[in-house]
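Some notes on the structure that comes next.
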Amino acid sequence: MSKETPCIAVCMMDPRTNLCFGCGRTLPEIARWHRMESAERLALMAQLPARMAEAGLPRPEMTAGSKID
82 MSKETPCIAV CMMDPRTNLC FGCGRTLPEI ARWHRMESAE RLALMAQLPA RMAEAGLPRP
142 EMTAGSKID
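Under the numbering used here, the first residue of the sequence shown is numbered 82, with each subsequent residue one higher.
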């Protein structure tokens, strides 16, 4: 798995927060992920655990079959 993606293949959006249940990104962030520079991706990934905790979304554990996006 790439270290530059938070995707864990739990791709469902929380209608209350508009965040992905699996990674904590918004749809616009997911859509432009491949166009982001590496530094921007890493900076966003550093924010995701706190973002999910603040939104009350528990981060699912990484699984062996996680997809790379």
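Using N, Cα and C, we set each Cβ at its ideal position, and we do this for glycine too.
C-alpha gap between N99 and R140, whole angstroms:
Residue 99 sits at position 18 when you count from the first residue of the sequence shown. Residue 140 sits at position 59 when you count from the first residue of the sequence shown. Each residue's alpha carbon lies about 15 Å from the other.
In the structure shown, what three-state DSSP assignment does M94 receive?
By one-based count along the sequence shown, residue 94 stands at place 13. DSSP, reduced to helix, strand and coil, places M94 within a strand of the structure shown.
Would you decide whether E97 is buried or exposed? Buried here means 16 or more other CB atoms lie within 10 Å of its CB.
Taking the first residue of the sequence shown as position 1, residue 97 is located at position 16. For clarity, residue 97 is Arg in the given sequence; the question names Glu instead. With fewer than 16 other beta carbons inside 10 angstroms of its own, R97 counts as exposed.
Can the beta-carbon of M117 be found closer than 8 Å to that of P87?
What you label residue 117 is simply residue 36 of the sequence shown in a count that begins at 1. What you label residue 87 is simply residue 6 of the sequence shown in a count that begins at 1. The answer is no: Cβ separation not under 8 Å.
Anyone know if the C-beta pair for C101 and M93 falls short of 8 Å?
Taking the first residue of the sequence shown as position 1, residue 101 is located at position 20. Taking the first residue of the sequence shown as position 1, residue 93 is located at position 12. Yes. Within cutoff.
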